[in-house]
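Notes follow the structure.
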Amino acid sequence: MVTIVFETHATSEDNEAKLASGWADVPLSPTGERQARELGERYNQRAFDAIYCSDLQRSYRTAELAFGDAYPVVRDRRLRECNYGELNRAPVSEVEALRVSAIATPFPDGESYEDSSRRLLALLGELAATRAGQTVMIIGHRATQYGLDRWIRGVSLQEAIRTPWRWQPGWTYELA
Numbered sequence: 006m007v008t009i010v011f012e013t014h015a016t017s018e019d020n021e022a023k024l025a026s027g028w029a030d031v032p033l034s035p036t037g038e039r040q041a042r043e044l045g046e047r048y049n050q051r052a053f054d055a056i057y058c059s060d061l062q063r064s065y066r067t068a069e070l071a072f073g074d075a076y077p078v079v080r081d082r083r084l085r086e087c088n089y090g091e092l093n094r095a096p097v098s099e100v101e102a103l104r105v106s107a108i109a110t111p112f113p114d115g116e117s118y119e120d121s122s123r124r125l126l127a128l129l130g131e132l133a134a135t136r137a138g139q140t141v142m143i144i145g146h147r148a149t150q151y152g153l154d155r156w157i158r159g160v161s162l163q164e165a166i167r168t169p170w171r172w173q174p175g176w177t178y179e180l181a
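First residue of the sequence shown? That's 6 in our numbering, and the numbers climb one at a time after it.
Printed below as a string of structure tokens:
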């Protein structure tokens, strides 16, 4: 079994501007940099075997600012947010309006949540094979969490996406 502690990336400049970044590689805001350092403080009494994050800077900078070089940090593009295609960096309201329909139908010139969920499934298979008995943190995006809920907790993508999202300090998953 692999224990996964999931955290979302800290606040980005796009989050503050109410833009849906998708695959756009946007930096953390000053508030996000502070939040990332606070993340490290929250977990200063907990040990991890590795930190996994997407290759988008809002994710990996969260890991770097939170943990420095205390743990191996693995950047993996399979942990990216859903690719909103033409809607990368569009107003959040435009992406929200299409979320449910994008479960199976890709965003224009982008991908569907089925696609992003399958990306995550491949990584989870690797973690199960190589990290048994270990605890890892994943710093990701909403699509990452939708996939974790789907593949580990058995929640449908429809239910995950329709459930109002709320921030909390970490979610724990047990991967068999």
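All residues carry an ideal CB built from backbone N, CA and C; glycine is no exception.
For this session: Pick helix, strand or coil for Y178, following the three-state DSSP scheme.
Result: In the sequence shown, the residue the question calls residue 178 occupies position 173. It is a strand residue.
Exercise. Can you tell me the Cα-Cα spacing of G90 and F112, whole angstroms?
Worked result: Position 85 of the sequence shown, counting from 1, holds the residue named residue 90. Position 107 of the sequence shown, counting from 1, holds the residue named residue 112. The alpha-carbon atoms of G90 and F112 are separated by roughly 6 Å.
Problem set entry | S17, DSSP secondary structure in three states | Locating residue 17 in the sequence shown gives position 12, where the first residue counts as 1. In the structure shown, S17 sits in a strand (DSSP, three-state: E or B).
Exercise. How big is the Cα-Cα spacing for V7 and W28?
Worked result: For this step, residue 7 is matched to residue 2 along the sequence shown. For this step, residue 28 is matched to residue 23 along the sequence shown. In a straight line, the C-alpha of V7 is about 28 Å away from that of W28.
For this session: Evaluate the contact criterion for the region 96–110 versus the region 28–41: three or more CB pairs, one atom per stretch, below 8 Å.
Result: Segments in contact, no.
Problem set entry | Separation of R171 from D19, as counted between CA atoms | Residue 19 sits at position 14 when you count from the first residue of the sequence shown. Residue 171 sits at position 166 when you count from the first residue of the sequence shown. Each residue's alpha carbon lies about 18 Å from the other.
For this session: Compute the distance between the beta-carbons of L61 and D30, then report whether it is under 8 Å.
Result: Taking the sequence shown and counting its residues from 1, one reaches residue 61 at position 56. Taking the sequence shown and counting its residues from 1, one reaches residue 30 at position 25. In contact: L61 and D30 (Cβ atoms closer than 8 Å).
Exercise. Assuming V100 contacts L92 under a Cβ cut-off of 8 Å, what Cβ separation, rounded to an integer in Å, is found between them?
Worked result: The count along the sequence shown starts at 1 and reaches residue 100 at position 95. The count along the sequence shown starts at 1 and reaches residue 92 at position 87. Yes, they are in contact, since the Cβ atoms of V100 and L92 sit about 5 Å apart, within 8 Å.
Exercise. In the DSSP assignment, what residue or residues form a beta bridge with R104?
Worked result: The residue you call residue 104 lines up with position 99 of the sequence shown. DSSP lists no partner for R104.
Exercise. Does the distance from the C-beta atom of A15 to that of C87 stay below 8 Å?
Worked result: As a working mapping, residue 15 is identified with position 10 in the sequence shown. As a working mapping, residue 87 is identified with position 82 in the sequence shown. Result no, Cβ atoms of A15 and C87 do not sit closer than 8 Å.
For this session: Taking R66 as the reference, give the member of T13, L33, Q50, I56 with the closest Cα.
Result: For this step, residue 66 is matched to residue 61 along the sequence shown. It is L33.
For this session: Starting from the Cα of C58, find the closest Cα among E21, Q139, V10, E179 and give me that residue.
Result: To locate residue 58, count along the sequence shown from 1; it is residue 53. Nearest C-alpha to C58: V10.
Exercise. Whose C-alpha, out of Y76, L180, S26, is nearest the C-alpha of A134?
Worked result: Counted from its first residue, the sequence shown places residue 134 at position 129. The candidate whose alpha carbon is nearest that of A134 is L180.
Exercise. Secondary structure at A137, three-state DSSP: helix, strand or coil?
Worked result: Along the sequence shown, read from residue 1 onward, the residue named residue 137 stands at position 132. Correct three-state label for A137: coil.
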